[in-house]
Amino acid sequence: MSSKDKLDKRVRSLPKDLRFAEFQKFLTNNGFELRRSQKPGSHYVYTFKGRGIVTVTVPHGKRASQHVSVYQIKQALDILDNN
């Protein structure tokens, strides 16, 4: 099983301890693109082929160690599974 498959399996299990960096990798591996904002901040907006948008909010601090909310994971999976 490749690392991409392992990450996909982990994300689909809806973990409460999924790190922001892992979720970013999952999104980009699956065709989501980061839409850059003009201001730096805690909101990261990912688009999927113009059909869906996922906004990931990360508290300030060490971003790579912050956890993603389960509802944000579900939002991304719904977009992937329905397109």
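Residue numbers are given in this note's numbering: position 31 of the sequence shown equals residue 25, and the series is strictly consecutive. Note that the Cβ used here is the ideal one computed from N, Cα and C, for glycine as well.
Per DSSP, reduced to three states, the secondary structure at residue 45 is coil, with no helix or strand assignment.
Residue 65 counts as exposed, since fewer than 16 other C-beta atoms from the protein chains shown sit within 10 angstroms of its C-beta. DSSP places residue 30 outside both helix and strand once states are collapsed to three, so it counts as coil. Taken through DSSP and simplified to helix, strand or coil, residue 50 comes out as strand. The count of Cβ pairs closer than 8 Å, one atom from the segment 31 to 48 and one from the segment -5 to 7, stays below three, leaving the stretches out of contact. Scanning 24, 61 and 52 for the CA closest to the CA of residue 46 turns up 24. The shortest C-alpha to C-alpha distance from residue 62 to any of 73, 20 and 77 is the one to 20.
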